[in-house]
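Enquirer: Those sequence lines, one after another, are chains A and B.
109 is the number that this note's numbering gives to position 109 of the first sequence; each next residue is one higher, with no gaps.
So this note's numbering is basically just the index in the second sequence, starting at one, shifted up by 111.
C-beta atoms are modelled at their ideal positions from N, C-alpha and C, and glycine is treated no differently.
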Amino acid sequence: GENVEQHPSTLSVQEGDSAVIKCTYSDSASNYFPWYKQELGKRPQLIIDIRSNVGEKKDQRIAVTLNKTAKHFSLHITETQPEDSAVYFCAARSDDYKLSFGAGTTVTVRA
Amino acid sequence: DVKVTQSSRYLVKRTGEKVFLECVQDMDHENMFWYRQDPGLGLRLIYFSYDVKMKEKGDIPEGYSVSREKKERFSLILESASTNQTSMYLCAIRTGDNYGYTFGSGTRLTVV
Chain A
1 GENVEQHPST
11 LSVQEGDSAV
21 IKCTYSDSAS
31 NYFPWYKQEL
41 GKRPQLIIDI
51 RSNVGEKKDQ
61 RIAVTLNKTA
71 KHFSLHITET
81 QPEDSAVYFC
91 AARSDDYKLS
101 FGAGTTVTVR
111 A
Chain B
112 DVKVTQSSRY
122 LVKRTGEKVF
132 LECVQDMDHE
142 NMFWYRQDPG
152 LGLRLIYFSY
162 DVKMKEKGDI
172 PEGYSVSREK
182 KERFSLILES
192 ASTNQTSMYL
202 CAIRTGDNYG
212 YTFGSGTRLT
222 VV
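1) For B:Gly153, write down the residues that DSSP places opposite it in a beta bridge.
2) Flag B:Val163 as yes when its Cβ comes closer than 6 Å to any non-hydrogen atom of the ligand GTP, and as no otherwise.
3) Whose CA, out of B:Leu220, B:Lys129, B:Lys181, B:Thr206, lies closest to the CA of A:Gln45?
4) So the beta strand (DSSP E) A:Ser52 belongs to, where does it begin and stop?
5) Check each candidate in B:Ile171, B:Trp145, B:Gln117 and name the one with the smallest Cα separation from B:Tyr161.
6) Please work out which residues of its chain come closer than 6 Å, Cβ to Cβ, to A:Gly104, disregarding the five sequence neighbours upstream and downstream, and give them in chain order.
7) For A:Pro34 and chain B, any beta-carbon pair shorter than 7 Å?
8) Would you kindly report the start and end of the unbroken beta strand (DSSP E) that includes B:Gly211?
9) Under 7 Å between the Cβ atoms of B:Ser186 and B:Ser178?
10) Where DSSP assigns a beta bridge to B:Arg205, which residues make up the other side?
11) Bridge partners of A:Asn67, per DSSP?
Structure representation (structure tokens):
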């Protein structure tokens with residue numbers, strides 16, 4: 001099955017700086033890569049996703065890039081704000097129904 | 112928007128008890144999933160169902176079973192709870208063609 005690795009496990013950034021989270025996947029057939037944000041005590045929520053026929057996607061301060069050849073994808077958050085503090089999960093679609101998740105990155109934005 | 116409801120936010124059960132975790136959706140989505148979330152391990156798939164009475168094992172099915180008698184309800188069953196099943200359990204449904212998931216609010220289970 002699909003194996004997704006995520007780095008770093010924790011990330012502390014100064015407010016206003018950028019944050020980057022990287023993930024790699026193992027199954028070259030995977031073609032859908034969502035990112036989820038989980039605030040403390042809340043459920044994971046989809047924040048952005050990308051399909052394998054697209055190299056980059058942006059939504060305001062967040063962007064995702066995909067390198068199919070290297071089998072890695074990254075989340076970029078610019079101009080970080082305190083409300084960006086959360087656990088972020090990357091995922092890859094391993095077959096028609098299942099998503100395989102990374103272990104998560106705890107992002108802390110320092111004021 | 113679809114609503115995914117997990118019946119309990121917190122549960123405390125004793126070792127050896129049979130435990131039922133319920134997940135209900137208010138729409139007609141076929142694919143439903145049970146994950147457990149543990150620090151440093153992310154979300155790991157226990158079981159999933161792609162239709163009524165259909166089920167498939169995920170990555171960590173040992174010690175669990177599931178039931179889907181009606182399309183809107185997907186139940187996770189711990190036949191004999193053990194302390195290593197203490198965890199956060201998240202139900203999810205697949206919504207739409209983009210294969211994105213909507214999660215329930217989770218059940219934090221403690222087995223003592």
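Expert: On the basis of the coordinates in this document:
1) B:Asp149
2) In the structure shown, the ligand GTP is absent, as is every other ligand, since no ligand is present at all.
3) B:Thr206
4) Counting along the chain, A:Ser52 falls outside any beta strand (DSSP E), and DSSP gives it neither H nor E.
5) B:Trp145
6) Val87, Phe89
7) yes
8) 211–214
9) yes
10) B:Tyr212
11) A:His72
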